[in-house]
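Let me begin by presenting the structure, written as C-alpha cells, before commenting on it.
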Amino acid sequence: MADQLTTTDERPLTAEPQVAASGTDTRYWHPFANMAKVRGHELVVVSGKGCEVTDRDGRTYLDATAALWYCNVGYGRSQIVDAVTRQLSALPAYSTFGPYVTDTTLKAAERIADLAPFPDAAVFLTSGGSDAVETAGKLVRSYWSALGQPHKRVIVGRPRAYHGMHAYGTSLAGIPANREDFGDMVADVAHVAEDTVAGVEREIERIGAENVGAFIGEPVIGAGGVVPPPDGYWEGVADLCRRHDILLISDEVICGFGRVGHGFGCQRYGFTPDMITFAKGVTSGYMPLGGVIVSSRLKAPFWEGEGRWFRHGYTYSGHAGACAAALANLDIVESEGLAERVRSLEPTFADAAKSLLDHPLVAEVRTAGLLSGVEFDPELVAANAELANQVVGACRSEGLLTRALGLAAVQISPALVIQSHEIERLFSMLRGALDSVRRTS
Ligand SMILES: Cc1ncc(COP(=O)(O)O)c(C=O)c1O
20 MADQLTTTDE RPLTAEPQVA ASGTDTRYWH PFANMAKVRG HELVVVSGKG
70 CEVTDRDGRT YLDATAALWY CNVGYGRSQI VDAVTRQLSA LPAYSTFGPY
120 VTDTTLKAAE RIADLAPFPD AAVFLTSGGS DAVETAGKLV RSYWSALGQP
170 HKRVIVGRPR AYHGMHAYGT SLAGIPANRE DFGDMVADVA HVAEDTVAGV
220 EREIERIGAE NVGAFIGEPV IGAGGVVPPP DGYWEGVADL CRRHDILLIS
270 DEVICGFGRV GHGFGCQRYG FTPDMITFAK GVTSGYMPLG GVIVSSRLKA
320 PFWEGEGRWF RHGYTYSGHA GACAAALANL DIVESEGLAE RVRSLEPTFA
370 DAAKSLLDHP LVAEVRTAGL LSGVEFDPEL VAANAELANQ VVGACRSEGL
420 LTRALGLAAV QISPALVIQS HEIERLFSML RGALDSVRRT S
C-alpha cells in the first residue's frame with residue numbers, strides 16, 4: 020500500500036468546466052497538483068478567524084487541517100500581525116551571513132534554543148521545513164568529516180516518512196511516489212524496510228554502523244498517514260543510535276510546538292535527539308520560518324577551538340519579520356498553554372475521531388495529540404481509487420476543509436485553539452461526508 024501513497028493527490032472535486040471563478044485561467048502553478056485537473060477548480064480562500072476560513076464567494080468552512088498542519092494558534096491573531104508590522108517598519112530583514120544579524124533574530128534563536136530538550140543548544144534558521152531537513156543532512160556530513168570519519172555518510176529514514184521536497188527530503192521520502200520521476204538526488208540515504216526497532220537494527224547492520232551518520236524520523240509520521248509510533252519504538256531507536264554512535268534527528272516540522280501535547284514530539288515519546296528540525300507551528304504560518312535545533316555535541320566542532328566553516332545558509336535565514344512572527348506566536352502558545360490544552364482536549368478529540376470506526380467506509384482511525392488519520396477500508400480503496408478525494412469533496416460540500424493523505428486516508432489536524440463543540444462539529448461533518456459518499460458510490 021505504501022507504494023500508492025502520495026502526500027496529496029488533489030483531483031477535481033466537481034465536474035464543472037475548467038474555468039476559474041474570475042472567468043480567466045489561473046497563472047498559479049499549484050504545488051502537489053496536476054494542473055490539468057486543478058485549473059478551473061481552485062478554492063480561493065480570502066480570510067480566516069479562529070478555526071474557520073472564508074472563500075472568495077463568502078462561504079465559510081471549518082478548517083480541519085489548520086491549513087497544511089501549521090496554523091496552530093488559529094487565524095486572525097492581531098498580536099502576531101502587529102509584531103510583524105512593527106518589525107517590517109523598523110527593518111524587514113538583514114543578511115545574517117558571517118557576523119551580521121538582527122536583534123529579533125537573536126531573540127528568536129534564544130527563545131527556541133530555550134525550548135530545546137537538551138542544554139546549550141544552537142539554532143540554525145531557515146525559511147521552512149525542507150530547508151531545515153537539507154541543513155540537518157549537510158550538518159551530519161560536515162560533523163563526521165570534522166571528526167575524521169567522513170565515511171559516516173548514510174542517513175537512514177523510515178517507511179511512510181515525509182521530510183519535505185528538497186533534495187534530502189525527496190531522497191529520504193518513505194512515500195515512494197514522492198521519489199518517482201526525480202531519480203537519485205542525494206546518494207547515501209537508506210530506507211528501513213520494516214518500521215520497527217528490529218527493522219532499524221537490521222538496516223544499520225546491512226550498511227555497517229561505521230557508515231551510518233544519522234537516523235531521521237518524525238515522532239508521529241504526518242503526511243504518510245498520521246502514524247503514531249509503536250510502544251517503545253523511539254526509546255529503542257534512540258538506544259540503537261547511542262550504541263552505534265549514530266546521530267538522531269527528530270523531524271518535528273509537524274509535531275513541534277504543542278501539536279502532540281508537548282513542546283516537541285520527542286518529549287512525548289521519551290527520547291533525546293541530536294537535532295530537531297522544525298517549521299510550521301513556530302510561526303503558525305503567519306510568516307515562513309523553519310530551522311534546526313542543534314545539540315552541544317554537534318555544534319562543538321563548529322563553535323569551539325579553531326572552529327570550522329559551515330558553508331551553508333539561505334538569504335532569508337533568520338529573516339527579522341519571520342522571527343518577529345515566531346516570537347509573538349510563541350508568546351501565544353505559552354500564555355494560552357496550548358500544549359497543555361492539547362493534552363486536555365486529546366481524549367475528547369480521540370473519542371470523536373474513533374466514533375467513526377462504526378462507519379462502513381472506515382477501517383482505522385489513528386490519533387496522537389490533535390492529529391488524526393482516518394483510513395478507509397482497503398477493499399473499497401482498491402475498488403475505487405478516488406474514494407479519499409470523494410470524501411474530501413463531500414466534506415467541502417458539508418463546509419469542512421480537509422485533504423487526502425495518499426489514496427486511503429484523510430487528514431485531521433485542526434488549530435490547537437479548537438473548542439470541544441467544534442471538534443464535535445468537525446467529526447459530525449466528516450460523518451455526513453462519509454454517508455454521502457457511501458450513498459452515491
Ligand atoms: C515532517 C516534515 N518535514 C519536513 C516538511 C517540509 O516542510 P516545508 O513544506 O515547510 O518545506 C514537512 C512538511 O509538511 C513535514 O511534515
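Each step along the sequence shown adds one to the number in the working numbering, with nothing skipped, and position 226 is 245. Note that CB positions come from ideal geometry on N, CA and C, so glycine has one too. Quick caveat, the model's predicted, so the values are computed rather than measured.
Does at least one heavy atom of ligand 1 sit under 7 Å from the Cβ of residue i?
| i | result |
| --- | --- |
| Glu153 | no |
| Leu144 | no |
| Gly176 | no |
| His49 | no |
| Ile273 | yes |
| Trp328 | no |
| Leu87 | yes |
| Ala298 | yes |
| Ala196 | no |
| Glu237 | yes |
| His182 | yes |
| Ser336 | no |
| Asp270 | yes |
| Gly188 | yes |
| Ser303 | no |
| Ala242 | yes |
| Gly148 | yes |
| Gly156 | no |
| Gly117 | no |
| Gly284 | no |
| Gly310 | no |
Taking C-beta to C-beta, are residue i and residue j nearer than 8 Å?
| i | j | result |
| --- | --- | --- |
| Ile240 | Ser269 | no |
| Leu144 | Ala165 | no |
| Gly176 | Gly193 | yes |
| Ser432 | Thr84 | yes |
| Leu375 | Leu449 | yes |
| Arg198 | Thr189 | yes |
| Val381 | Phe368 | no |
| Pro292 | Leu267 | yes |
| Gly310 | Ala151 | yes |
| Ser315 | Pro138 | yes |
| Ile348 | Val301 | Checking the sequence shown, residue 348 turns out to be Asn, not Ile. Contact: yes. |
| Gly337 | Thr154 | no |
| Val65 | Thr73 | yes |
| Gly69 | Gly95 | yes |
| Ala358 | Tyr305 | no |
| Leu87 | Glu71 | no |
| Lys299 | Gly117 | no |
| Ser303 | Asn53 | no |
| Leu426 | Val400 | yes |
| Val436 | Gly93 | yes |
| Ala112 | Tyr335 | yes |
| Leu346 | Lys126 | yes |
Write down the C-beta distance between residue i and residue j rounded to the nearest angstrom, noting that I regard them as a contact closer than 8 Å.
| i | j | result |
| --- | --- | --- |
| Val279 | Pro238 | 7 Å |
| Phe276 | Val352 | 6 Å |
| Glu417 | Ala452 | 5 Å |
| Ile265 | Ala206 | The pair is not a contact, with the Cβ atoms about 18 Å apart (cut-off 8 Å). |
| Gly236 | Ile174 | In fact, because the Cβ distance is near 11 Å, the residues do not count as touching under 8 Å. |
| Leu424 | Val245 | 7 Å |
Could you check the C-alpha separation between residue i and residue j for me, to the nearest Å?
| i | j | result |
| --- | --- | --- |
| Gln106 | Gly340 | 6 Å |
| Ala186 | Arg458 | 43 Å |
| Val211 | Gly243 | 15 Å |
| Ala39 | Gly255 | Here the model assigns Ala39 a pLDDT of 49, short of 50, so the residue's position is not dependable and the matter cannot be decided. |
| Phe234 | Pro50 | 28 Å |
| Ala404 | His263 | 42 Å |
| Glu441 | Tyr181 | 29 Å |
| Glu222 | Phe290 | 20 Å |
| Ala102 | Tyr333 | 23 Å |
| Glu213 | Glu220 | 10 Å |
| Phe297 | Val120 | 20 Å |
| Gly356 | Leu406 | 38 Å |
| Gly59 | Arg261 | 52 Å |
| Val159 | Ala371 | 41 Å |
| Leu308 | Ile131 | 12 Å |
| Ser391 | Arg422 | 12 Å |
| Glu325 | Cys285 | 32 Å |
| Gly67 | Gly167 | 52 Å |
| Leu445 | Ile99 | 26 Å |
| Met20 | Gln430 | Only weak support is given to the placement of Met20: the predicted model assigns it a pLDDT of 34, under 50, and the value that follows is read from those uncertain coordinates. Distance between the alpha carbons of Met20 and Gln430 is about 17 Å. |
Q | Residue ranges of each beta strand (DSSP E) within the segment 229-262, 3 or longer | A | Counting whole runs of 3 or more residues, the segment 229-262 contains the beta strand (DSSP E) stretches 231-236.
Q: Could I get the ranges of all uninterrupted alpha helix (DSSP H) runs contained in the segment 100-135, with 4 residues as the minimum, in chain order?
A: Along the segment 100-135, the alpha helix (DSSP H) occurs as fully enclosed runs of 4 or more residues at 122-134, listed in sequence order.
Q: Write down every uninterrupted run of the alpha helix (DSSP H) in the segment 403-429 whose length is 4 residues or greater and which is fully enclosed by it, in chain order.
A: Qualifying alpha helix (DSSP H) stretches, in chain order: 406-417.
Q | Segments assigned beta strand (DSSP E), at least 3 residues, entirely inside the segment 323-389 | A | As far as the segment 323-389 is concerned, its whole beta strand (DSSP E) runs of at least 3 residues are 381-387.
Q) What residue ranges within the segment 60-104 form continuous alpha helix (DSSP H) runs of no fewer than 4 residues, ordered along the chain? A) Listed in chain order, they are 85-88.
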